[in-house]
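Protein chains in written order, with the working numbering: chain A, 34 to 474; chain B, 34 to 474; chain C, 34 to 474; chain D, 34 to 474. Worksheet: one structure, shown below.
Number of protein chains: 4
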Amino acid sequence: MSAAAWERGGHASLMLEFERARELTEKLAEPLSPEDQTVQSMADASPVKWHRGHTTWFFETFVLMDNDRGYKPYDKRFAYLFNSYYDSIGPRQPRPSRGLITRPDVEEVAAYRAHVDCAMQALLSRCLDPEVQAMIILGINHEQQHQELLLMDVKHLLSCNPLQPAYIDTPLSESSGEARCRPCNPLQPADAEASQPPSKELPPQAWISYEGGLVDIGHDGIGFAFDNESPRHRVFLPPFAIASRPVTCGEWVQFIEDGGYERANLWLSEGWATVQDKSWDAPMYWSHTEPGWSVFTLGGPKELDPAEPVCHVSYYEADAFARWAGARLPTEFEWELAAVGQPEKGNPFDRMEIHPVPLGAQSSMFADVWQWTSSSYSPYPRFRPAEGAIGEYNGKFMVNQHVLRGGSCATPAGHARTCYRNFFPSASRWAFSGLRLAKDV
Amino acid sequence: MSAAAWERGGHASLMLEFERARELTEKLAEPLSPEDQTVQSMADASPVKWHRGHTTWFFETFVLMDNDRGYKPYDKRFAYLFNSYYDSIGPRQPRPSRGLITRPDVEEVAAYRAHVDCAMQALLSRCLDPEVQAMIILGINHEQQHQELLLMDVKHLLSCNPLQPAYIDTPLSESSGEARCRPCNPLQPADAEASQPPSKELPPQAWISYEGGLVDIGHDGIGFAFDNESPRHRVFLPPFAIASRPVTCGEWVQFIEDGGYERANLWLSEGWATVQDKSWDAPMYWSHTEPGWSVFTLGGPKELDPAEPVCHVSYYEADAFARWAGARLPTEFEWELAAVGQPEKGNPFDRMEIHPVPLGAQSSMFADVWQWTSSSYSPYPRFRPAEGAIGEYNGKFMVNQHVLRGGSCATPAGHARTCYRNFFPSASRWAFSGLRLAKDV
Amino acid sequence: MSAAAWERGGHASLMLEFERARELTEKLAEPLSPEDQTVQSMADASPVKWHRGHTTWFFETFVLMDNDRGYKPYDKRFAYLFNSYYDSIGPRQPRPSRGLITRPDVEEVAAYRAHVDCAMQALLSRCLDPEVQAMIILGINHEQQHQELLLMDVKHLLSCNPLQPAYIDTPLSESSGEARCRPCNPLQPADAEASQPPSKELPPQAWISYEGGLVDIGHDGIGFAFDNESPRHRVFLPPFAIASRPVTCGEWVQFIEDGGYERANLWLSEGWATVQDKSWDAPMYWSHTEPGWSVFTLGGPKELDPAEPVCHVSYYEADAFARWAGARLPTEFEWELAAVGQPEKGNPFDRMEIHPVPLGAQSSMFADVWQWTSSSYSPYPRFRPAEGAIGEYNGKFMVNQHVLRGGSCATPAGHARTCYRNFFPSASRWAFSGLRLAKDV
Amino acid sequence: MSAAAWERGGHASLMLEFERARELTEKLAEPLSPEDQTVQSMADASPVKWHRGHTTWFFETFVLMDNDRGYKPYDKRFAYLFNSYYDSIGPRQPRPSRGLITRPDVEEVAAYRAHVDCAMQALLSRCLDPEVQAMIILGINHEQQHQELLLMDVKHLLSCNPLQPAYIDTPLSESSGEARCRPCNPLQPADAEASQPPSKELPPQAWISYEGGLVDIGHDGIGFAFDNESPRHRVFLPPFAIASRPVTCGEWVQFIEDGGYERANLWLSEGWATVQDKSWDAPMYWSHTEPGWSVFTLGGPKELDPAEPVCHVSYYEADAFARWAGARLPTEFEWELAAVGQPEKGNPFDRMEIHPVPLGAQSSMFADVWQWTSSSYSPYPRFRPAEGAIGEYNGKFMVNQHVLRGGSCATPAGHARTCYRNFFPSASRWAFSGLRLAKDV
């Protein structure tokens, strides 16, 4: 939920934001069959049905149960099924086993959503304490996070299907003037002729320099932010430069062709071990098809476009690429300083195109891929998680992950933010994660 | 498919048997939602949707492709999805990943079945070579095997759901005069009062003695049998006695209460390691609920009935129980000798009750549970698998498994047979597997 | 201990056999440093030091503690360290952690051996009950088994060393007239010229036919045998033929060159999965060196001799080879019938050559490699393990293993026996295991 | 090697430092048998023999091979055996398999050390370039690091022995006036009466406040430091307070008794998962013995002394304890600021006592245990690893580890340093790692 919307405030606005968020989840789930919505393709991913139930449980648990005395839970047993990781709330279905729950079925989850929406709408029509409003706004932002997760998870699930099906039979780019999601058959690789011609090569990236010094980092208190973006605090930065755009697929191909995945000296030790163990030789979802590369997208397989920002790379890969390029990753503070004042971006999902757009001559800091930073995900000085179960939202994950900044083609509009801190473990690749270079000056 | 049906022969009969088998699969799948039919709950189990597709692929591959020149496969890519383990046919979806295939969806699998059924019916209306007829009969028996597997797999899947749902909302036993499948909630354990009163205690088992000597074992050539039941051959047996009925749940409770799962000296070394590793303290699907035990069934959880044959025990447990009881498991040859002439049994599924029936004063060798024998699953002397892919049906599994004899409450009527050799690895428990004791005399 | 020795009986003979067995263990350990004797190279293997301690503990526990009131254990804590798998005796060091015990050191284990030997000699000089004598004879045979295990385990350990050192710097074959154990360096492959010229090709194997019928199998009660070789019982065998010699390395090379490790249809399903999982493409200890193969032996690496019996193959490989050869493995009963009356063999270790000897024109059933049979390791009819802890010796391992018959170049003289049943799991390769073909006639 | 020694400079001094370092390694290994020196007790640990060889290889590879044309390597194959992780140098024995190398034996490793020492002494007697001198100083500091690792690894190895032997039979504290290393027997727990009486309870810790602001962090260029301590750079710190002493065992017992290991809300999510997975309920090497706790030390088991600094805790535990105490861990910058000007400490090993000393009223920042900081191990701004293989020394490990500061009872004298950055993964406990609290003011 955007800061602007929050500022406009008022019941009407909050109700509207609530409804929009809830509707978008349903819109994203709609192209998916009950089968698609139920299966869990790896321990890190969750079924779409679970995302739909969990976001509903969040409102039920943190808003309705605490603030609506007359509220009757849809089914008390759902607390076990749809709790994600809130130990204070009680026991829960183990994460790797979320895909075993075939009942309640998709239809009943829809009924659960309707039940909670109805109670929420009644609550929202009343005059609410600021604390309750704040919790609802948190719930909306929480649901937006799960919208992106839902898309990440569906993409992974469909990629596991040897038929390589498309999420939705809509052209990935309507400007191409033709359907790109032909009946795809992974066993008979995609017909290259039918694909959109790759974008022209881009001019090389430029470097934008900053003097550094003492800068203020973190949420300034205006509008919504997650607790991990606060408190705003002072950081000392040496001078640095940051790239004018993210690294592209074309540049990544050069890295591969220069032996990027075969030269131990480019890699962190853990990263090199991972490359060997998992036999990585390209970003996730890439596959080698003569004469070039194809990528699996939510629209099915397509030819690689060298002008697109590279996506689905791990921290290890981003770090190795930067070393290869004679540069480094930015710290999250450098990134934030460089992003101040830039228009925040997100996908309004008015077209169901969910893939990074090729870069133009200019590119904002928010350019369709999350950008790995060199910063470990740590609490800001004087960070205090909220009291109670909601305090488990962010704080307990602050170890052995790295911060990503920006936002991606799968981030809902209104959800990206200059001070936003996304985070994933170093080997994760199923997020829409790319990188932008930095260097010392 | 029963020998009798086969003997009656003729097109009409074969068509009828084919249709019955195909319809039963659909009948068994019918109570299940698309969600239920798609998920795979462990590597050993398969999704119901996959069973429906695989049995169809079997007819398509081994009957239609070889014998109907005009036949056009429904979708060539399904050969990859629905091949189980026939290396000669080509590559296939890895077994532990069958549950990742959300598309084709349930509806399309139904269309696939209809397409193949239609072609099969056309073929069956023609005059067929004996070899083709034999392959169709094999396909029918193959489908019957998958009907039992389907039920095993669904039971396992539903048992993984913390809501402990019932496969079908039908009384497990209509004779009880009341619905036993109340809305079940595992988190709020089953209401004992609503359960059927347990059967009365049985009189103790009797021993039936045999003199042994040279006996003929294996299929006598009349009617259908799998290749692993042949050739008929001579075996020398010492005198022995076999129990008049399978071991009951009540007897198993005594074993537990006597420390059966805690005394290393009762167990094979591998079995004891498995008990420790998996923390087994009762048969699969049992749970301790004061004051007794409840069991999860396809009708949901219910109170343990001591007169029922114990079910869902591994070879290791069966062997340990026999040692505890001062007896042993029969060899498969002893079992077969004892079963000669007894009426073969199976579940006609005219009521959708799929749980072992409490034992009466008399009990046949076919008593609702498969019975572990001490015989390793090995080829009979002079066994030759068929030429070609179909030779992979049985032979390649003849190592590190034990033979079970009889048939279970989930075995379709007409599928059980005196010389039938079922087989599972020593630690498997999800089959409807029990035991019958034997001893030297 | 041989039957003959046992028959001669008397104190003097038993004391002599005891001393010989104890001395041979020390002789086999002598070429090994404290470092060599302490490390455990895999969970299935044990350190040499442990073998020395365990065989000592066996006499202490099963003979001295029960029969010598004045006996004072060397160190009570050793019962924990050196118990192998006797649950009835008490808790023990977990098998995979035997290599963590650096103290007691090798010297103290020698002192432990001396302490027990001394007490045993005193006991042996007295008049002993037959039961005590039988237990001592069991202990001697137990020690002989561990002598072979010790050699298997040392071979595995040394093979893990990239320097590929030899167990002992003695020519493998003195007939070659020159030292074959040059300072070996795996990183600089063995100098082929220095190797012994391979033996000439053998004439093809012959088939020896048997009529079968009712035969008596198992120990006849004369001399020592393990409990698993009894009771002697009757088995019905169809006619069969058995090969005149084991399969050779040269024949195995043909199997490899004919795609033996690449053709799924030659393998049991489990075997094929193992081949893929472990990337097997040759027997254990073979490595491809242009233009041929070299093998790692206890004398270091050497060129492959095609006339040697193939060794260090698993059951899966033996079974696949037999299928490829259009034959099968013999049952253990067939093997025993064919071996009756042949001179039993073993290695007197008068020269420290421990590698299969190339086959000549004639070859006995005991030909330097254990021979896999198709028989699962099961109890003979009416088998009863002994009462008490000693009953754990054999019986509890009778599942998921296959019987090997014969004896190997690492089997001590006097230990091989026509009715001897060795056994290993299907994937084991570190025993000196080969195969001999059989077929139906 | 201390900065002071380095500053005094000159050949004589460098030769002396070299000899001291080399001798100390031998002194630390001396109480250990060949058996003790060869075994590897876990993948993270290395055999003592390997440490002795690897530190020797370091001088051979990075000093002698590059600077002594006449130098002839002791054995070229040792490059494979004793390379730790330098990919640029070539292939190497996999880390988890270092314990499989029984040959070369301990004696030959001693000969290898003598060979290299001899060549080094000849080199050191010549006039050396500053670059060569710097490399030798690095080699000395490298050897000192391995001296501490050697002690960590030996402690772990001996702790795996059920006999719980002592590293050396010397009183842990001579002030106790009696031998504390009685023949220890873990199976018969240590006799509490024989133990040293625990120290008196300490006065509670005090807080020392700092104003923060812009501070300079990192090595100031005087004397030796590892590359990861540079460049010196500016950091902005908010005001904070740091504890006057590390957390004690007595305080840790309170944490345990207050349910510290049972309350999910005290833990990072990964930490809680680790606690459950590994069943942690106390620091490593603690065991519960009525009425209190005993700890395994290099002197064998002893009664827990509440006044000792707690040792062998993971980052997860340190973090959870701090949360429980209403405090937090310091950042590495806060720690360094607080340590400036304090006398650096280390163990001169003049007595072979290697266990944290109970805390007195006063305690320096260097107090016998490494202290976890909240700082992830990251490169300092503008960090550049050295060119060539030596650049792999530190840089490639800068991910998913946390920095520890200070030094421990196992850190050689002259090796500790205010700006020293030690680092371990979050779940590691075998280092001598404790913690010191901090808080916001």
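Note that beta-carbon positions come from the ideal geometry of N, C-alpha and C, so glycine has one too.
Not one beta carbon of chain A lies nearer than 8 Å to the beta carbon of D:D338.
Put simply, the segment 341–357 of chain D touches the segment 466–473 of chain D. At least three CB pairs are less than 8 Å apart. Looking at the backbone, the Cα of B:W357 and that of B:E284 are separated by about 11 Å.
When beta bridges are read from the DSSP output, B:I241 appears opposite B:I275.
Burial of A:A340 is indicated by the presence of at least 16 other C-beta atoms within 10 angstroms of its C-beta. Using a Cβ-Cβ distance cut-off of 8 Å, the segment 168–183 of chain C and the segment 49–69 of chain C are in contact, since at least three pairs of beta carbons, one from each stretch, lie closer than that value.
Taking C-alpha positions only, A:P445 is separated from A:N427 by approximately 20 Å. Residue contact with chain A for D:F430: present (Cβ-Cβ distance below 8 Å to some residue of chain A). Under the rule that a run must span 4 or more residues, the alpha helix (DSSP H) segments found entirely inside the segment 50–76 of chain B read 67–71.
Between D:N298 and chain A, the shortest Cβ-Cβ separation is below 8 Å.
For D:M98, the closest C-alpha among the options D:P376, D:L156, D:G333 and D:D383 is that of D:L156. Take the alpha-carbon of A:Q70 and the one of D:N194: they are about 52 Å apart. The beta-carbon distance between D:L61 and D:L184, rounded to whole angstroms, is 7 Å. This is short enough to meet the 8 Å contact definition. Interface with chain B (8 Å Cβ-Cβ cutoff): C:N100 is excluded. Interface annotation, B:D120: not in contact with chain A, CB-CB separation never under 8 Å. Distances from the CA of B:T330 to each of B:R417, B:H321, B:E386 and B:K105 were compared; the closest alpha carbon is that of B:E386. Take B:M48, set aside five residues on each side of it, and the residues of its chain with a beta-carbon closer than 6 Å to its own are L157, in chain order. At least one C-beta of chain C is nearer than 8 Å to the C-beta of D:L114.
Flagged as an interface residue toward chain C: D:R136, by a C-beta distance shorter than 8 Å.
The criterion of a C-beta distance shorter than 8 Å is not satisfied by C:L362 and C:C282.
In the three-state reduction of the DSSP assignment, C:N194 falls in the coil class, being assigned neither a helical nor a strand state. Proximity of A:S117 to chain B, defined by a Cβ-Cβ separation below 8 Å, is not satisfied.
Counting the other Cβ atoms within 10 Å of the Cβ of B:S277 gives 16 or more, which makes it buried. Within the segment 57–87 of chain B, S66, P67, E68, D69, T71, V72 and S74 place their CB atoms closer than 7 Å to a CB of chain A, listed in sequence order. Against B:R146, chain A offers no close residue; the least beta-carbon distance is about 16 Å (beta-carbon pairs closer than 9 Å). Neighbours of C:N194 in chain D, taken as residues at a C-beta separation under 8 Å, are given in chain order as L133, I134, T135 and R136. Between the alpha carbons of A:E290 and A:V280 lies a gap of roughly 16 Å. The beta-carbon of C:Q126 is placed less than 8 Å from the nearest beta-carbon of chain D. Of all C-beta pairs linking the segment 79–96 of chain A to the segment 122–142 of chain A, three or more are shorter than 8 Å, placing the two stretches in contact. D:P163 sits exposed, since fewer than 16 C-beta atoms from the chains shown fall within 10 Å of its C-beta.
Looking only at A:S461, A:H448 and A:C344, the smallest Cα-Cα distance to A:N433 is reached by A:S461.
Ranking B:H321, B:M153, B:L57 and B:Y118 by CA distance to the CA of B:I423 puts B:Y118 first. Contact of B:R110 with chain A is assigned, a C-beta pair being separated by under 8 Å. Looking at the DSSP output, D:L270 bridges to D:G246. Between A:G86 and the set A:R102, A:E68, A:K105 and A:A112, the nearest pair of CA atoms involves A:A112. The C-beta separation of A:P271 from D:R454 comes to about 19 Å, leaving the pair out of contact by the 8 Å criterion.
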